[in-house]
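Trainee:
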Amino acid sequence: MLEMETEFRRLPGVDKILASERLVRLAETYPHSLLVDLARKQLEYERRSIAGGRAASSLDKIVAAIVSRVQVLESPGLRPVVNATGVILHTNLGRAPLSGEAVAAMEAVARGYSNLEFDLDSGARGSRQVHIESLLCQLTGAEAALVVNNNASAVLLGLTALARRKEVIVSRGQAVEIGGGFRIPDVMRQSGARLVEVGTTNCTYINDFEQAISPRTAALMRVHSSNFRLMGFTSEVSLEDLVALAERNDLLVLDDLGSGCFLDTTGFGLAAEPMVPQSVALGAGLVFFSGDKLVGGPQAGIIVGKQQFVAKLRKHPLARAVRIDKVRLAGLAATLVHYLKGEATTKIPVWRMISAPRAEIEQRVERWALAARGMARVIEGETMIGGGSLPGGTLPTGLVALGGQQGRNTAQVLGRKLRARQVPVIGRISEDVLLLDPRSVLPEEDEVVIQALRDLAAVVK
Ligand SMILES: *Cc1c(COP(=O)(O)O)cnc(C)c1O
Numbered sequence: 002m003l004e005m006e007t008e009f010r011r012l013p014g015v016d017k018i019l020a021s022e023r024l025v026r027l028a029e030t031y032p033h034s035l036l037v038d039l040a041r042k043q044l045e046y047e048r049r050s051i052a053g054g055r056a057a058s059s060l061d062k063i064v065a066a067i068v069s070r071v072q073v074l075e076s077p078g079l080r081p082v083v084n085a086t087g088v089i090l091h092t093n094l095g096r097a098p099l100s101g102e103a104v105a106a107m108e109a110v111a112r113g114y115s116n117l118e119f120d121l122d123s124g125a126r127g128s129r130q131v132h133i134e135s136l137l138c139q140l141t142g143a144e145a146a147l148v149v150n151n152n153a154s155a156v157l158l159g160l161t162a163l164a165r166r167k168e169v170i171v172s173r174g175q176a177v178e179i180g181g182g183f184r185i186p187d188v189m190r191q192s193g194a195r196l197v198e199v200g201t202t203n204c205t206y207i208n209d210f211e212q213a214i215s216p217r218t219a220a221l222m223r224v225h226s227s228n229f230r231l232m233g234f235t236s237e238v239s240l241e242d243l244v245a246l247a248e249r250n251d252l253l254v255l256d257d258l259g260s261g262c263f264l265d266t267t268g269f270g271l272a273a274e275p276m277v278p279q280s281v282a283l284g285a286g287l288v289f290f291s292g293d294k295l296v297g298g299p300q301a302g303i304i305v306g307k308q309q310f311v312a313k314l315r316k317h318p319l320a321r322a323v324r325i326d327k328v329r330l331a332g333l334a335a336t337l338v339h340y341l342k343g344e345a346t347t348k349i350p351v352w353r354m355i356s357a358p359r360a361e362i363e364q365r366v367e368r369w370a371l372a373a374r375g376m377a378r379v380i381e382g383e384t385m386i387g388g389g390s391l392p393g394g395t396l397p398t399g400l401v402a403l404g405g406q407q408g409r410n411t412a413q414v415l416g417r418k419l420r421a422r423q424v425p426v427i428g429r430i431s432e433d434v435l436l437l438d439p440r441s442v443l444p445e446e447d448e449v450v451i452q453a454l455r456d457l458a459a460v461v462k
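Residues 2 to 462 in my numbering are what the sequence shown spells out, letter by letter.
(1) Considering only the alpha carbon of each residue, which of V449, A402, L443 lies closest to R422?
(2) Comparing C-alpha positions only, which one of R195, G387, E361, L196 sits nearest to G261?
(3) Have a look at the DSSP bridge pairing and note the partners of T161.
(4) Under three-state DSSP, which class holds V1?
(5) In chain order, what residues of the same chain have a beta carbon less than 8 angstroms from the beta carbon of K42, not counting five sequence neighbours either side?
(6) Specify, as a first and last residue, the run of the beta strand (DSSP E) that F290 falls within.
(7) Which word fits R429, buried or exposed, when buried means at least 16 other C-beta atoms lie within 10 angstroms of its C-beta?
(8) Taking the beta carbon of K17 as the centre, do at least 16 other beta carbons fall within 10 Å, making it buried, or is it exposed?
(9) Out of A370, A331, L436, which one is the CA nearest neighbour of A105?
(10) Measuring only from the beta carbon, is G261 closer than 6 angstroms to any heavy atom that is part of ligand 1?
(11) Got a sec: does ligand 1 put a non-hydrogen atom nearer than 6 angstroms to the Cβ of G257?
(12) Enumerate in chain order the residues of its own chain whose CB-to-CB distance from T347 is below 8 angstroms, with the five nearest sequence positions on each side excluded.
(13) May I have a chain-ordered list of the beta strand (DSSP E) segments no shorter than 3 residues that lie completely inside the stretch 196 to 246?
(14) Below 8 angstroms on the Cβ atoms is my contact criterion, and I expect S441 with N84 to pass it. Report the Cβ-Cβ distance as a whole number of Å.
(15) Indicate whether the contact test is met: 3 or more Cβ pairs, each with one atom in the stretch 209 to 220 and one in the stretch 165 to 172, closer than 8 angstroms.
(16) Considering Cα atoms alone, identify which of V148, Q72, R23, I355 is closest to L136.
(17) Taking only the alpha-carbon atoms, compute the straight-line gap between G292 and G302 and give it to the nearest angstrom.
(18) What does a CB cutoff of less than 7 angstroms around L240 pick up in its chain, not counting 5 residues either side in sequence?
(19) Return the first residue and the last residue of the alpha helix (DSSP H) that M354 is part of.
Written out as structure tokens, the structure reads:
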């Protein structure tokens, strides 16, 4: 007990800490009040540590701990990484990288004021949606459009505004969990709509929908299965049949496409991903999709469809709660213009990655492997699209394979070394081998990867 008292007494006072050379230098950049606060927090930590039976730290150690507290606070936690995982739309790595034009549009709007909700003709208040609605209508063939924070909030808004206290019929095979907490039954409950599941896990027929229709039914809903695929003995109801049934019963069809897409994926050797204009043409009342999946723009939830329904969503109080900000609105519009101009595959990064020819990938993977010297092998592999689009769909690619031998330099160790760099390079581990895929890396970032591999080869050897 006495010893502990002695240790407590050995702790320096706040003034003595602040008088140390390193903190005097920090005080040139940071306010006195911040340093006092951090010094107090560090002393509090020291007291707990002494109470736990440890000895008091030296003044130097205490000062060093305060300096590192400042460093942690000032260094932005969120920073760029290189996505060499081979998953193009990697939700944990921020989904879609943006085109130069989208970034420029976002910067221009971020730097100053804009006519976000201001009609330049009349000088009166306007709507932030007018900047993008006609573009979306042109691209999709829809009568009306609305953009909100993300697709999860778009679906929630749609169900709340149109189906609250009513029933929505969904195939049992589509009452899915997308990941990150988005589960159709939960979203339905949150909206106040009642989910009526019909059919079986693998087979649902139009009759199942027909028999479930009641006076309380508001809508028939289709949900993209996103991250899983039904195989074998299966049957799903087509959107055409759903629309025909809805029309006979004066009901609405809601179509949650998840990713949504403006280009035909079969042209790139992929399975067919549902395209937004198709859903509109087939007569869906509202179509929901993400801005940052295969559209390749910033995070957004896009709703297109019939004017009467979009108008109800627009007026709902929830629309205000889930509204999109001006910066992303500008980036999304600039991204959509690439489709309008027919230049998506050369301008939008995710489509550049998808459409990159095999020969170009081979060339890059060879350069990467060369940088790693004897450490790397080049193997054939597959790039995943990710982002809940094209479940199971992949593109052929070449991979740099590292590690795999026993001993110190396991795939885990190499992976950690690459992640610890100033610009972290993220790969994926499969069967104890670290794999790096150039297809999910922007060609502009090749030099970063090459330097990382050179350094790795130098330290690991
Ligand atoms: C991804 C996805 C969502 C959620 O979209 P966010 O833009 O991530 O909010 C909703 N529904 C489906 C079918 C999806 O695939």
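Beta carbons are placed, not taken as given, at the ideal position from N, Cα and C, and that holds for glycine.
Mentor: Answer, in terms of the structure:
(1) V449
(2) G387
(3) For T161, which the question treats as bridged, DSSP gives no partner whatsoever.
(4) In the structure displayed, the chain extends from 2 to 462; residue 1 sits before or after that span and is not available.
(5) R70
(6) 287 to 291
(7) buried
(8) exposed
(9) A331
(10) no
(11) Per the sequence shown, residue 257 should be read as Asp rather than Gly. Yes; taking the cut-off as 6 angstroms, the Cβ of D257 has a heavy atom of ligand 1 nearer than that.
(12) R353
(13) 218 to 224
(14) 5 angstroms
(15) yes
(16) V148
(17) 6 angstroms
(18) R223, D256, S280, L283, A285
(19) 350 to 356
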